[in-house]
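Below is one structure, written out as structure tokens, with a few remarks after it.
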Amino acid sequence: MIFSLNSQGGRKTWTFCGTPEYVAPEVILNRGHDISADYWSLGVLMFELLTGTPPFTGSDPMKTYNIILKGIDAIEFPRNITRNATALIKKLCR
1 MIFSLNSQGG RKTWTFCGTP EYVAPEVILN RGHDISADYW SLGVLMFELL TGTPPFTGSD
61 PMKTYNIILK GIDAIEFPRN ITRNATALIK KLCR
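Note that the UniProt record's numbering gives residue 39 to position 39 of the sequence shown, counting from 1, and the numbers run on in steps of one.
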């Protein structure tokens, strides 16, 4: 996982790097990304800290990317995660 902490005031970058499970959809689609990609990764990290596994996992990187592109709403959250935590993670992963 790589946080870019893009502080260039709204400017986008097109660098593709990072751990597959943490790569934001806009990075996968090469649309250019800004600090919102870091928020995405933070949401994924929070999910993993609460559950022990990342929300998006495939048997290889391409399958993981395809799961990520389906979006956070396709992920079933365990019942032990509070509504507030679920809402925050979903907001970060938009």
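We treat Cβ as the ideally placed atom computed from N, Cα and C, and that holds for glycine.
Bear in mind the structure is a predicted one, so any value in this text is a computation, not a measurement.
Rounded separation between residue i and residue j - CA only
| i | j | result |
| --- | --- | --- |
| Trp26 | Leu49 | It should be noted that the sequence gives Glu, not Trp, for residue 26. Rounded to the nearest angstrom, the two C-alpha atoms are 23 Å apart. |
| Ile75 | Asn30 | 23 Å |
| Thr13 | Met46 | 24 Å |
| Thr19 | Gly58 | 12 Å |
For residue i: DSSP bridge partner residues
| i | result |
| --- | --- |
| Thr13 | His33 |
Environment of residue i [buried if 16+ CB atoms lie within 10 Å]
| i | result |
| --- | --- |
| Gly52 | exposed |
| Phe16 | exposed |
Nearest-angstrom beta carbon gap, residue j and residue i [assumed within contact, 8 Å]
| i | j | result |
| --- | --- | --- |
| Ile68 | Phe77 | That pair is no contact at about 16 Å. |
| Gly43 | Ile81 | That belief does not hold up - the Cβ atoms of Gly43 and Ile81 are roughly 12 Å apart, past 8 Å. |
query: At a cut of 8 Å, does the region 17-24 reach the region 57-65 through at least three beta carbon pairs?
result: yes
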